[in-house]
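*Asks:*
Residue numbers (this note's numbering): 783 to 911.
#1: Would you call residue 875 buried or exposed, if buried means 16 or more other Cβ atoms sit within 10 Å of its Cβ?
#2: Is the beta carbon of residue 871 sitting closer than 9 Å to the one on residue 851?
#3: By DSSP, does residue 837 sit in helix, in strand, or in coil?
#4: Could you have a look at residue 874 and say whether DSSP puts it in helix, strand or coil?
#5: Return helix, strand or coil for residue 795, following the three-state DSSP convention.
#6: Taking residue 842 and residue 835 to be in contact with their CB atoms under 8 Å, please state how far apart those CB atoms are, rounded to whole angstroms.
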C-alpha cells in the first residue's frame, strides 16, 4: 500500500511533543514505573541478604543473639549509669549476664545430651548402634 503525498503532508503538520529523558519519568506512568523498579531492586537486595545470611549461619546466628541480648540489657546499663560510671555499669551488666547465662547453661546441655531425639525412647549415647 502506497502512501499519498497528502498523508505525508498531514503527518508533517502534526506537532509532536518534545520527548526528553526527564519527561518520561515525571508523568504518572513514569512515576509508577519508578516505584515498581525501586520495589524490585529492594526485593532483590533483601533476597540476596537473606541468601547470604543462610550461607553464613555460623557468623549470623551468634551475632543476632548478641545484638538481641545487648538490646535487652541496655535499659539495665542506663539505670546503673545513674549510680556508677558508664564503664563500670557496662562491665557489671556484662559479667552479671555472663554469670546468669553460664550458670543456666549446664542445665541446657545436660538435658540435650541425655534426652536424644524426640522419637527415641532410650537415652541418647551419641550413636545409634
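C-beta atoms are modelled at their ideal positions from N, C-alpha and C, and glycine is treated no differently.
*Replies:* With the structure as the only source:
#1: buried
#2: no
#3: helix
#4: helix
#5: helix
#6: 5 Å
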